[in-house]
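Everything on this sheet refers to the single structure shown next.
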Amino acid sequence: MKQLTYLQSDSMQMKTKAFFLKCLMSLSLLALSLPLLAQADQDSIPVLEYGEPLEYEIGGIKVVGANYSDDNAVISIAGFRVGDKIRIPGPKIQKAIKALWKLRLFTDVKIVKEKTIGDIVFLEIHVQERPRLTRHSYQGVKKSVHDDLNDEVNKYLLKGGIVTENVKTNAREAIEDYFIGKGFLDAVATVREIPDSIRPNSVRLVFDIDRKDKVKIRNINFVGNDNVKGKKLRKKMEDTKEKRRLFASSKFIMDEYEEDKEALIAFYNTLGYRDAAIESDSLYRDEDGLLNIQINIDEGNQYYFRNIAWKGNSIYDEQTLANVLSISKGDIYNQELLQTRLSFSQDGRDVSTLYMDNGYLFFQVDPIEVAVEDDSIDLEIRIFEGPQATIDKVVIKGNDRTHEHVVRRQLRTLPGKKFSRSDIIRSQRELMNLNYFNPETLGINTPVNPQRGTVDIEYTLEEKPSDQLELSAGWGGLQGVIGTLGVSFNNFSMRNIFNKEAWRPLPQGDGQRLSLRAQTNGTFFQSYNATFTEPWLGGKKPNSLTVAGFYNKFSQGFGDNPSSLSIAQLSVSLGKRLRWPDDNFVTSTALNLQQLTLNEWRGQAFTTDQNEFVNDGKFNNFSITQTLVRSTVSDPIFPKDGSRISLSVQFTPPYSLFNPDRDYASEPVQERFRFVEYHKWRFDADWYTPIVGDLIFKAQAKIGMVGSYDSRLGTSPFERFLLGGDGINNQQFGFQGVDIISLRGYEETELPANINPARPGQTLATPVFSKITVELRYPLSLNPSSTIYVLAFAQGGNAWRSTREYNPFDLRRSAGLGLRVFLPMFGTLGFDYGIGFDKPGAERTIQGLGNFNIILGFEPE
3 MKQLTYLQSD
13 SMQMKTKAFF
23 LKCLMSLSLL
33 ALSLPLLAQA
43 DQDSIPVLEY
53 GEPLEYEIGG
63 IKVVGANYSD
73 DNAVISIAGF
83 RVGDKIRIPG
93 PKIQKAIKAL
103 WKLRLFTDVK
113 IVKEKTIGDI
123 VFLEIHVQER
133 PRLTRHSYQG
143 VKKSVHDDLN
153 DEVNKYLLKG
163 GIVTENVKTN
173 AREAIEDYFI
183 GKGFLDAVAT
193 VREIPDSIRP
203 NSVRLVFDID
213 RKDKVKIRNI
223 NFVGNDNVKG
233 KKLRKKMEDT
243 KEKRRLFASS
253 KFIMDEYEED
263 KEALIAFYNT
273 LGYRDAAIES
283 DSLYRDEDGL
293 LNIQINIDEG
303 NQYYFRNIAW
313 KGNSIYDEQT
323 LANVLSISKG
333 DIYNQELLQT
343 RLSFSQDGRD
353 VSTLYMDNGY
363 LFFQVDPIEV
373 AVEDDSIDLE
383 IRIFEGPQAT
393 IDKVVIKGND
403 RTHEHVVRRQ
413 LRTLPGKKFS
423 RSDIIRSQRE
433 LMNLNYFNPE
443 TLGINTPVNP
453 QRGTVDIEYT
463 LEEKPSDQLE
473 LSAGWGGLQG
483 VIGTLGVSFN
493 NFSMRNIFNK
503 EAWRPLPQGD
513 GQRLSLRAQT
523 NGTFFQSYNA
533 TFTEPWLGGK
543 KPNSLTVAGF
553 YNKFSQGFGD
563 NPSSLSIAQL
573 SVSLGKRLRW
583 PDDNFVTSTA
593 LNLQQLTLNE
603 WRGQAFTTDQ
613 NEFVNDGKFN
623 NFSITQTLVR
633 STVSDPIFPK
643 DGSRISLSVQ
653 FTPPYSLFNP
663 DRDYASEPVQ
673 ERFRFVEYHK
683 WRFDADWYTP
693 IVGDLIFKAQ
703 AKIGMVGSYD
713 SRLGTSPFER
723 FLLGGDGINN
733 QQFGFQGVDI
743 ISLRGYEETE
753 LPANINPARP
763 GQTLATPVFS
773 KITVELRYPL
783 SLNPSSTIYV
793 LAFAQGGNAW
803 RSTREYNPFD
813 LRRSAGLGLR
823 VFLPMFGTLG
833 FDYGIGFDKP
843 GAERTIQGLG
853 NFNIILGFEP
863 E
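When the count follows our numbering, it moves up by one through the sequence shown with no breaks and lands on 863 for the last residue.
What follows is the structure in structure tokens.
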């Protein structure tokens, strides 16, 4: 074995030897050797076998112990090169060691003399590398949070990377910060470094985590709030809640707490306290470990608007701007209201919208406080109107299936037209109403060209599934085959139906709607229907054409005692968007040809005003339906704002008025109503508004009435309303000559007006109904592949057998909870549990008053 002479070592015995040697050496030699005694970042001090300093030429350099580090890189960092002159002992040795220590890659560094040949020296750099990380794991927490923890610690841990104390500390603190952010303020994490036998000089890290309990907030106290009650201030703290508050999480998260403090000051500013500030706040734990917070507030003075002057306006006069601003002298000084009225209010009532809807895209407005005297503030609102901007290009991206002309015809932003913010908002709403694109990812970009005074409008879309499939099948024994096959193509292309290349798997992209459905319950029920809609007849205007037809047959008796009801209908409808009063109005006119055939029918009872039962004969129902709808709802699946109001009237020719001498009293029912006559009115209104975040409030009102032309004939036994239940029969079993309206919490037989007095188990349709609903909705998922939301509702409704009995305040009340899941391929799946408070004769328990409803395919009326 070759003998190596150590230039530096870690032996304490060598330190003693070096001490005696230094006493014998000259002061000049001492001055040269002392720098070699220091070694950065080490407790041990290497010692030199001292002799007379000699100058050598480096003949070769080796690196020993570097399994992961590059040898050439180590030599380069040390500053050695073959052929260089070096004094031994001398300062270059110490400089090389310090340079290698600064890398923090090694736990030990030595430089040794391998051999010398004359005045040529061969050096070896001995290093001991720090351990490398192979993997890490967690103990004490559920696997469900491992991915979240990895996101935090992977900022510091790198597989194959060097494990240092700093790395372990940073990862441990990141874990603790993660749990502190979740409300576990006492969370503790420790790290264990365990040698890994898989690779040499490698370790794995195990993080032991003790979350401990969440720290709850006991009290939030305010000091200095002389003009605002603490209760109101606590409500403004959305995330920092006291433990005693119902449904309050009461966990403490520092970032959310800081945001809540800012919200407090913003609230004070809306009350005119523009100088309000939080002087200090303190947090302390009590004997139970609960957190107490005290916030010291300096409210300052309350201010009021005084004089408001406009500067720079040439397009609109001061009175017009003041009317839009709608802030008067003496109003409380509210900075938030001021900014809202100047720029981008949700209802479009602001000065910026006034200008931007007229093409002034480069418009700017800046309110300046020009005087503050006592409790009054004077404002000067400075306006830069800029030039009008016109639209240059309209670019559409992401429409992989929908043809571009279908998208463009929905847009209000056209090349060459003046820029309008309202047109962009309306275009966005129209695209969302198509239900072809994901509303959460719909993007609108407006790159401007100030030199040319133009702006481009870029719409970025993401297609989502819009077609629906309904399929079920089974065997019902005596009933035979039971099943449903239904398809709805909501983005169909009729013009490509003979184009083989367009079948992917069906021709699509032209925005047409084709629905085909067949359902059978064996011999008891059969239904077939088809609908086709062209929303842009002719392709230039939003005039819609709908052709629909269906055939339903219900059977209850067989053999010698048959009982059946069959209905065949064909309808054609034309729709048109109006320009007045505004273009949110749509009108449609439909021609309906229907024939009802009853053969000793014993199912749903049809009655006249004289309580005569209609159960046999053929009846012709030729009617026209006129509908007027105004809708500002932006998302048909989960509306967040807007409203939809619909008024429709369906009427037949007044046959009885053409023959005033006809004696209806002497005719049987089949003859009197062979040609059915009536006028039928429906009013429906839905209104949506956000409360907090995605929590949506919905209000709904529905009312319907069937009237007659001639009192001698009375009200038609058909086209009435059946209130109660889940309303599912309208979709699942087709039309039965009545409109089925849901009323959660009640079955049809639990409303007195619906009960047939002759046969209590049989229901009667009524000519009048009314229903009001309020809901709170909250989404669990707005993913276009599965929209899920929960709801809480309160509802009231009732039915009456004549308009004379109608009382809008006599309602059957209910309340409950529900769940909706919308799947593009299958439609809506829903569950409701309602408690009907006014059930006659029901047991006053949850079971006695409760009613469970299921929704399949479509949201019921």
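Glycine residues also receive a C-beta, built at the ideal position from the N, C-alpha and C atoms. Since this is a predicted model, take the numbers as computed values, not measurements.
Looking at the secondary structure, which residues open and close the alpha helix (DSSP H) in which residue i lies?
| i | result |
| --- | --- |
| S78 | 73-80 |
| Y259 | 256-272 |
| G850 | 848-851 |
| V678 | Neither: V678 is in no alpha helix (DSSP H) and is coded neither H nor E. |
Once the 5 residues before and after residue i are set aside, which same chain residues still bring their CB inside 6 Å of it?
| i | result |
| --- | --- |
| R519 | G488, N531 |
| A755 | T768, A801, W802, R803 |
| V694 | none |
| S378 | Y306, R308 |
| S490 | Q470, S517 |
| T443 | E464 |
| F124 | G61, G62, E116, K117 |
Could you give the distance in angstroms between the alpha-carbon of residue i and the alpha-carbon of residue j?
| i | j | result |
| --- | --- | --- |
| A173 | N294 | 30 Å |
| R134 | D153 | 20 Å |
| N168 | Q470 | 57 Å |
| K682 | I705 | 11 Å |
| T415 | I426 | 6 Å |
| S710 | G716 | 6 Å |
| Q341 | V230 | 23 Å |
| R761 | N523 | 25 Å |
| G511 | G850 | 51 Å |
| L38 | L160 | In this prediction, L38 has a pLDDT of 34, which is less than 50 and means its spatial position is unreliable; what the coordinates show is noted afterwards. Answer to the nearest angstrom: the Cα atoms are 36 Å apart. |
| F346 | N360 | 15 Å |
| F685 | F534 | 25 Å |
| R83 | I63 | 8 Å |
| K115 | I182 | 54 Å |
| L576 | S590 | 5 Å |
| V635 | Q430 | 11 Å |
| D215 | L285 | 18 Å |
Buried or exposed, going by whether 16 or more other CB atoms sit within 10 Å of the CB of residue i?
| i | result |
| --- | --- |
| W582 | exposed |
| F500 | exposed |
| F608 | buried |
| A391 | buried |
| L56 | exposed |
| Q612 | exposed |
| N563 | exposed |
| D45 | The predicted model places D45 with a pLDDT of 34, which falls under 50 and marks its position as unreliable; any figure quoted below should be read in that light. Exposed. |
| G726 | buried |
| P48 | Here P48 scores only 40 on pLDDT, less than 50, and its place in the model should not be relied on; the value that follows carries that caveat. That one is buried. |
| D402 | exposed |
| R89 | exposed |
Who are the near neighbours of residue i in its chain, counting only those whose CB is closer than 8 Å to its CB and skipping five residues on each side?
| i | result |
| --- | --- |
| V326 | R343, R351, D352, V353, L356 |
| F552 | S529, Y530, N531, A532, I569, A570, Q571, G736, F737 |
Starting from residue i, follow the beta strand (DSSP E) in both directions and report where the run begins and ends.
| i | result |
| --- | --- |
| F833 | 829-838 |
| P692 | 681-694 |
| L819 | 814-825 |
| P369 | 366-375 |
| G798 | 788-802 |
| N152 | It is not in any beta strand (DSSP E) - N152 instead sits in the alpha helix (DSSP H) that spans 148-155. |
Assuming contact is defined by CB atoms lying nearer than 8 Å, are residue i and residue j in contact in what I supplied?
| i | j | result |
| --- | --- | --- |
| I267 | A279 | yes |
| R604 | Q558 | yes |
| N623 | L598 | yes |
| S747 | Q797 | Sequence check: residue 747 is Gly here, not Ser. Yes. Within cutoff. |
| F677 | Y690 | no |
| F209 | V193 | yes |
| Y270 | T242 | no |
| F421 | P389 | no |
| V367 | I383 | yes |
| S783 | T775 | no |
| Y180 | E131 | no |
Do residue i and the ligand SAH come close, with the Cβ less than 7 Å from some heavy atom?
| i | result |
| --- | --- |
| I95 | With respect to the ligand SAH, the structure offers nothing, as it holds no ligand at all. |
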